[in-house]
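*Asks:*
Protein chains in written order, with this note's numbering: chain A, 438 to 836; chain B, 165 to 613.
1) Consult DSSP for residue 548/A and reduce its assignment to one of helix, strand or coil.
2) Mind checking which residues open and close the beta strand (DSSP E) that includes residue 260/B?
3) By the criterion of Cβ-Cβ separation under 7 Å, what are the contact partners of residue 299/B in chain A?
4) Counting only Cβ pairs nearer than 7 Å, list the residues of chain B close to residue 771/A.
5) For a test of the three-state rule: what should DSSP assign to residue 492/B, helix, strand or coil?
6) Does the Cβ of residue 525/A have 16 or more other Cβ atoms within 10 Å, making it buried, or fewer, making it exposed?
7) Where does residue 779/A sit, in a helix, a strand or coil, going by DSSP?
8) Establish whether the CB of residue 174/B and some CB of chain A are separated by less than 8 Å.
9) I'd like to know if the region 699-708 of chain A and the region 652-659 of chain A are in contact, where contact means that at least 3 CB-CB pairs between them fall below 8 Å.
10) Please classify residue 728/A as buried or exposed, where buried requires at least 16 other C-beta atoms within 10 Å of its C-beta.
11) So, residue 571/B versus residue 585/B, is the Cβ gap smaller than 8 Å?
12) Would you kindly report the start and end of the unbroken beta strand (DSSP E) that includes residue 445/A?
13) Please name the residues in the region 455-487 of chain A whose beta-carbon is closer than 7 Å to at least one beta-carbon of chain B, in chain order.
14) Closer than 9 Å, Cβ to Cβ, to anything on chain B: give me those residues from the region 702-731 of chain A, in chain order.
15) Looking at chain A, which residues of the region 496-529 of chain B have a Cβ within less than 8 Å of any of its Cβ atoms?
16) Could you tell me whether the region 372-383 of chain B touches the region 166-173 of chain B, using the rule of 3 or more Cβ pairs below 8 Å?
17) Give the DSSP-derived three-state secondary structure of residue 760/A in the structure shown.
18) If you measure from the beta carbon of residue 463/B to each beta carbon in chain A, is any gap under 8 Å?
19) Smallest Cα separation from residue 574/A: which of 648/A, 550/A, 684/A and 605/A?
20) Alpha carbon to alpha carbon, how far is residue 592/B from residue 573/B?
21) Could you tell me which uninterrupted alpha helix (DSSP H) segments, each at least 4 residues in length, are contained entirely in the region 669-724 of chain A, listed from first to last along the chain?
22) Per DSSP, residue 208/B forms a beta bridge with which residues?
23) In whole angstroms, what separates the C-alpha of residue 503/B from that of residue 466/A?
24) Using a Cβ-Cβ distance cut-off of 8 Å, determine whether residue 834/A contacts chain B.
25) How should residue 601/A be labelled, buried or exposed, when 16 other C-beta atoms within 10 angstroms of its C-beta is the threshold for buried?
26) Does any CB atom of chain A fall closer than 8 Å to the CB of residue 105/B?
27) Just grab the DSSP bridge partners of residue 462/B for me.
28) Assign residue 649/A to buried or exposed, taking buried as 16 or more other Cβ atoms, counted over all protein chains shown, within 10 Å of its Cβ.
29) What number of angstroms, rounded off, separates the C-alpha of residue 626/A from the C-alpha of residue 803/A?
30) Please confirm if residue 491/A has its CB atom under 8 Å from at least one CB of chain D.
31) Does DSSP classify residue 537/B as helix, strand or coil?
32) Excluding sequence positions up to five away, which residues of its chain have a Cβ less than 6 Å from the Cβ of residue 257/B?
33) Return the chain-ordered ranges of every alpha helix (DSSP H) run that is complete within the region 506-579 of chain A and spans a minimum of 4 residues.
34) Entirely within the region 333-404 of chain B and at least 3 residues each: give me those beta strand (DSSP E) ranges in chain order.
35) DSSP on residue 425/B, reduced to helix/strand/coil?
36) Grab me the residues of residue 453/A's own chain with a C-beta within less than 8 Å of its C-beta, minus the 5 sequence neighbours each way, in chain order.
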């Protein structure tokens with residue numbers, strides 16, 4: 438058995454080398470290390486951070502593959518040559534579109550991670566495993582690769598490394614990347630030209646004088662925000678045969694992934710459940726306002742407000758955000774009670790932003806980022822409850 | 165006012181190699197060792213020189229901060245070596261045992277007739293004081309303070325732990341004498357906890373409040389019991405003592421002798437035939453395990469797998485320990501160990517780890533960390549195995565950034581490192597919880613006292 442011994446010898450010989458973390462990242466990918474316990478408990482449970490993160494990536498894979506089919510499906514449909522959803526044509530088109538996004542995301546992101554690990558002399562941490570897979574799934578398929586690269590560098594450096602790396606960041610790095618794209622390159626992140634593969638190119642050709650039909654593919658949220666009619670059925674929304682960011686469209690697969698994460702105890706069921714409750718509550722409030730006649734059809738908020746409350750769970754990035762982003766343990770509330778409050782407010786604020794800010798119809802990204810900022814505050818008050826209980830105990834004694 | 169304790173949060177780590185309930189005498193051991201490191205935070209001053217002849221119960225060293233507090237030789241014999249480390253710090257005192265044991269005569273006492281001060285000075289002079297620990301700080305009790313209560317856990321829930329019902333059988337008289345004496349040292353009660361369905365020798369005794377405990381480990385940890393029965397507030401002190409040490413104190417009162425004998429369990433998957441052995445505190449590890457192990461890539465632990473100390477064959481049995489565990493070392497690589505399904509290790513998640521499917525399976529765990537050290541990432545999993553009314557991760561972090569106020573507010577006075585053994589076991593980031601808590605307690609002891 439040569440490989441194990443050879444790798445071991447390389448590690449032992451180069452213990453003091455600067456580049457060792459880069460080698461270790463590959464080494465530990467192949468083999469769990471031969472490290473034994475030195476202090477405290479002599480035995481340890483089977484889980485480590487790599488396993489934890491891998492579970493989330495595993496849960497993302499179905500969404501990714503579905504995204505490839507859907508990208509192709511939406512493209513051919515918009516260009517007037519529709520194909521079967523589960524066809525090789527659709528998949529291959531999507532595959533060739535999305536693979537570069539994945540490569541750019543991982544190569545650039547991990548490059549930055551390895552660089553920081555080498556400079557700061559620590560191991561390469563696993564956080565980017567998940568972030569790197571999330572990023573291609575939450576951007577429009579036609580996003581230029583250089584933009585993605587710039588955003589990834591920004592997200593990893595400013596979103597994470599400046600705070601000290603995995604475990605120390607305040608904001609979810611994947612959402613920082615998306616928010617960066619959103620505010621730096623808004624024309625590539627919203628509107629009706631970015632959600633269908635090839636639509637932006639076609640628009641450019643038309644602008645250059647080509648005599649072609651313009652291609653447009655609006656997301657459901659985009660249509661609602663402009664008061665247009667929605668052309669998709671509820672079952673399309675649920676199963677995800679709709680335009681949108683690569684991985685966010687299939688609520689069905691996201692639901693399965695959510696169940697997987699809850700069963701494996703990797704994702705917090707408290708956050709997922711309370712987010713859904715929060716969204717339903719906000720949706721019901723808006724439905725109530727419409728039913729009470731406080732708002733007329735002329736209002737620009739009317740169509741989103743009157744959207745049935747449970748449709749909000751199916752459209753846009755809500756489900757994806759709640760299952761994969763809100764549950765990031767580092768940036769979420771860390772106490773069990775805090776998780777309920779944190780999740781509820783994410784759901785509540787997502788729908789609030791969605792309805793009242795038609796310029797940014799995707800509320801879930803902003804809601805999660807906002808609650809990321811407030812999570813430590815929520816935890817502070819939850820923990821203070823425990824502290825007060827302890828003080829009270831003392832007072833009862835001394836009184 | 166008996167109060168039963170039921171624990172829900174926790175984890176029973178079921179391991180192969182439970183000791184069979186048969187007691188043998190350990191092989192004779194010629195050299196016994198007393199190690200100051202067993203007595204955390206004590207600065208020792210030697211009372212003897214190399215070549216001194218000692219009886220069992222004669223002081224070997226005393227506490228620099230409190231000269232009354234002696235640490236006694238467990239055997240009679242000759243001091244053959246004093247091992248020192250950096251700055252002449254005393255690491256170990258080695259005593260060659262005599263063939264026939266002689267004991268210092270501390271005189272037979274009637275615990276009921278003794279006054280609190282007399283009991284204290286007897287315990288201090290005989291070396292038995294060292295068995296009494298205090299919280300906060302998990303160190304040997306300060307004799308100047310009166311504890312609000314004394315806690316004894318007569319229920320061992322740790323992995324493979326020696327069964328107290330078995331090792332204490334027939335020791336009712338000694339236990340009663342010790343408890344009667346100790347009950348005079350506290351302003352409150354002596355709380356003794358026993359297993360819910362156990363046949364404990366404690367159950368018929370006087371001078372105590374008996375509690376029945378049920379639930380997974382750490383239900384048997386005295387820290388868990390304190391938290392559920394009468395949690396420690398700022399400014400309060402409680403004492404804790406192990407049941408087997410009560411027997412030694414009881415024997416001191418009843419016979420006047422310091423008899424440091426105890427029955428220990430030799431357990432673990434690397435032990436050929438796990439069973440109980442009668443030995444004396446400070447005995448050499450080799451006298452207990454030699455010829456009894458399987459394979460030669462093992463870790464010998466004085467204590468249980470969660471809180472014990474690593475020992476070599478040349479080492480000696482820890483002062484407070486009641487068992488030796490031997491498990492295989494895990495110093496090997498495992499291909500794709502981080503993503504393949506796992507059936508042979510324990511996990512509290514279900515991340516392709518399947519120990520949850522087999523709740524009664526006994527595992528053969530080794531010492532591999534199963535992953536590398538990382539920053540705190542995952543949340544909520546410590547709480548599942550941590551029954552105290554304390555936020556474990558927040559307290560650990562407070563210890564790491566050494567915020568004394570926050571440590572105090574979050575309950576640092578109530579905890580000992582052993583309370584964090586299970587959170588350490590399940591920690592995905594492989595953080596050294598017990599070490600962090602120990603350092604935090606030491607810092608508080610130094611700064612607040």
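All C-beta atoms, glycine included, are put in the ideal place defined by N, C-alpha and C.
*Replies:* According to the structure shown:
1) Helix, per DSSP.
2) In the DSSP assignment, residue 260/B falls within the unbroken beta strand (DSSP E) covering 254-261.
3) Per Cβ cutoff of 7 Å: no residues; residue 299/B is ~15 Å from chain A at best.
4) Near residue 771/A (Cβ distances below 7 Å), the residues of chain B are 543 and 557.
5) Of the three classes helix, strand and coil, the one that applies to residue 492/B here is strand, per DSSP.
6) Under this definition residue 525/A is an exposed residue.
7) Residue 779/A falls in the helix class under three-state DSSP.
8) By this cut-off, residue 174/B is not an interface position.
9) Three or more Cβ pairs closer than 8 Å define a contact, and the region 699-708 of chain A falls short of that threshold against the region 652-659 of chain A.
10) Burial call: exposed.
11) No, the Cβ-Cβ distance between residue 571/B and residue 585/B is not below 8 Å.
12) Where residue 445/A is concerned, there is no enclosing beta strand (DSSP E), although the alpha helix (DSSP H) it sits in stretches over 439-450.
13) Sequence-ordered contacts of the region 455-487 of chain A with chain B read 465, 467, 468, 469, 470, 471, 472, 473, 474, 476, 477, 478, 479, 480, 481, 482, 483, 484, 485, 486 and 487 [C-beta pairs closer than 7 Å].
14) Listed in chain order, the positions of the region 702-731 of chain A with a beta carbon within less than 9 Å of a beta carbon of chain B are 702, 703, 705 and 707.
15) Residues passing the 8 Å Cβ filter: 496, 497, 498, 499, 500, 501, 502, 503, 506, 509, 510, 511, 512, 513, 514, 515, 516, 517, 519 and 529.
16) A contact is defined here as three or more CB-CB pairs under 8 Å, and the region 372-383 of chain B meets this definition with respect to the region 166-173 of chain B.
17) Of the three classes helix, strand and coil, the one that applies to residue 760/A here is helix, per DSSP.
18) Chain A has a Cβ within less than 8 Å of the Cβ of residue 463/B.
19) Of the listed residues, the one whose Cα sits closest to residue 574/A is 684/A.
20) Going from the Cα of residue 592/B to the Cα of residue 573/B covers about 26 Å.
21) Entirely contained in the region 669-724 of chain A, the alpha helix (DSSP H) runs reaching 4 residues are, in chain order, 671-676 and 688-700.
22) 227/B, per the DSSP bridge assignment.
23) Inter-residue distance for residue 503/B and residue 466/A is about 9 Å (C-alpha atoms, whole angstroms).
24) Output row for residue 834/A: interface = yes.
25) Flag for residue 601/A reads exposed.
26) Outside the displayed span of chain B (165 to 613) sits residue 105/B, for which this structure offers no information.
27) Answer is 492/B.
28) Its Cβ having fewer than 16 others within 10 Å, residue 649/A is exposed.
29) Approximately 14 Å between the Cα atoms of the pair.
30) Absence of chain D from the displayed structure is noted, the protein chains being A and B.
31) Correct three-state label for residue 537/B: coil.
32) 198, 224 and 246, listed in sequence order.
33) Runs of the alpha helix (DSSP H) lying entirely within the region 506-579 of chain A, each at least 4 residues long, are 525-557 and 564-574 in chain order.
34) As far as the region 333-404 of chain B is concerned, its whole beta strand (DSSP E) runs of at least 3 residues are 354-359, 373-378 and 402-404.
35) Reduced to three states, the DSSP call for residue 425/B is strand.
36) Once the five neighbours on either side are set aside, residue 453/A has no close Cβ partner at all.
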